[in-house]
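What follows is a single structure, written as structure tokens, with notes after it.
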Amino acid sequence: MKAAVIVFPGSNCDRDLAVAFRKAGFEVAMVWHKDSGLPQGTDIVAIPGGFSFGDYLRCGAIAGRSPVMTGVAAHVARGGYALGICNGFQVLCETGLLPGALMRNAGLKFICKPQALRVETGESAFTQDYAAGQEVTVPLAHHDGNYVIDPEGLAALTAEDRIAFRYLRNPNGSVDDIAGILSANRRVLGMMPHPERAIDPAHGGADGWPMFTGLCTALVAA
Amino acid sequence: MRATVTVMLKQGVLDPQGEAVRHALGALGFEGVEGVRQGKVIELDLSEGTTEETVTEMCEKLLANTVIESYRIEMG
């Protein structure tokens with residue numbers, strides 16, 4: 001099983017994500033944003049949190065147009081798996097690989113705290129090791145996590161069971177308390193909270209760990 | 001030649017920063033500010049002959065996120 005973690009100038013959760021994937025049994029390649037493609041045999045590509053290109057213009061805007069994203073889009077078009085966390089979620093929305101956009105938090109403040117979430121669906125490789133309806137606590141660290149989507153888009157996400165996580169006590173103004181969403185084929189997940197920062201009891205909680213075990217199970221079987 | 005691109009949040013998209021500015025103006029005693037919307041202005045220095053069509057393409061591909069933002073181009 002091969003995971004590729006994309007590194008942009010300003011990424012700062014890339015190593016945490018690599019540690020989580022390695023712990024779950026993945027072989028991990030770090031891929032620089034100027035590379036034109038992903039390593040041969042990549043099963044899942046992960047876009048980490050951070051402040052790619054200093055959040056200039058808009059969060060994720062410049063990263064979303066970097067050379068490596070052509071390879072990421074091709075991987076997704078082939079039915080490959082992709083995970084975007086925090087800035088990674090912003091990048092996936094900027095490239096159109098996930099619908100909607102992430103705006104400045106409604107309260108305007110940077111939020112950095114453990115956040116209670118509800119897992120809304122177990123029907124994906126990312127969430128199959130959680131129970132639907134399970135409440136978990138995962139760290140949050142962002143300034144622009146206020147998810148917006150038009151009413152038609154929201155209706156489609158809801159009808160297709162593509163809302164993966166919702167906030168309990170909405171911290172940032174996200175529409176319908178959305179914390180994470182899936183693509184139509186359920187193989188691309190974007191979320192603002194950081195499961196890779198909660199993979200060991202020493203982190204203060206390991207509620208993010210089932211995401212990596214679930215991916216491991218799904219990709220071994222694939 | 002120069003093009004000036006103004007990027008604003010679309011009507012209907014709540015602008016938390018604009019709202020904060022509106023509140024701050026009220027706190028300073030300015031009455032009658034019924035709404036504030038905050039956007040950005042991007043000035044492009046372009047080679048002669050660059051068309052507005054090309055600038056539109058720049059807006060669509062990078063300068064604006066058309067999911068939430070609209071843009072206006074002024075050439076010259």
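From first to last, the protein sequence lines stand for chains A and B. Numbering follows my numbering, in which position 222 of the first sequence is assigned residue number 222; successive positions increment by one, without gaps. Numbering follows my numbering, in which position 2 of the second sequence is assigned residue number 2; successive positions increment by one, without gaps. Glycine included, C-beta positions come from ideal geometry on N, C-alpha and C.
Go ahead and label D45 of chain B buried or exposed: buried means 16 or more other beta carbons lie within 10 angstroms of its beta carbon, across all protein chains shown. Counting Cβ neighbours within 10 Å, D45 of chain B comes out exposed, since fewer than 16 surround it.
List the residues of chain A that L62 of chain B touches, going by C-beta distances under 7 angstroms, in chain order. Going along chain A in sequence order, the residues near L62 of chain B (Cβ under 7 angstroms) are A61, R65.
Looking at chain B, is there any beta carbon in it that lies within less than 7 angstroms of the beta carbon of V148 of chain A? Chain B places a beta carbon closer than 7 angstroms to that of V148 of chain A, counting this residue as a contact.
Since E94 of chain A meets chain B, which of its residues come closer than 7 angstroms, beta carbon to beta carbon? Within chain B, the residues near E94 of chain A are N65.
Pairwise C-alpha distance: V33 of chain B and L25 of chain B: Looking at the two C-alpha atoms, the distance is approximately 8 angstroms.
Is there a C-beta anywhere in chain B that falls below 7 angstroms from the one on A106 of chain A? Yes, contact with chain B.
Given a threshold of 16 other Cβ atoms within 10 Å of its Cβ, counted over all protein chains shown, does A221 of chain A qualify as buried or as exposed? A residue is called buried when at least 16 other Cβ atoms come within 10 angstroms of its Cβ; A221 of chain A does not meet this threshold and is exposed.
Candidates A:L102, A:S124, A:P48: which alpha carbon is nearest D14 of chain A's? Of the candidates A:L102, A:S124, A:P48, the one whose C-alpha sits nearest the C-alpha of D14 of chain A is A:P48.
Any beta-carbon of chain A closer than 7 angstroms to the one on A24 of chain B? Closer than 7 angstroms: no.
Would you please state the rounded distance, in angstroms, between the beta carbons of M241 of chain A and L140 of chain A? I believe it to be under 8 angstroms. Any question about residue 241 of chain A goes unanswered here, given that chain A covers just 1 to 222.
Taking the continuous alpha helix (DSSP H) assigned at P210 of chain A, which residues delimit it? Run containing P210 of chain A: 209-221, per the alpha helix (DSSP H) assignment.
Residue environment, C216 of chain A, which counts as buried when at least 16 other CB atoms sit within 10 Å: So C216 of chain A counts as buried.
Between A106 of chain A and the rest of its own chain, which residues show a CB-CB distance below 8 angstroms, the 5 nearest in sequence each way excluded? Shown here for A106 of chain A: same chain residues with a beta carbon closer than 8 angstroms to its own, the five before and five after excluded, namely N146, N172, G173 in chain order.
From the DSSP output, read off the bridge partner residues of C112 of chain A. C112 of chain A is bridged by DSSP to A:A141.
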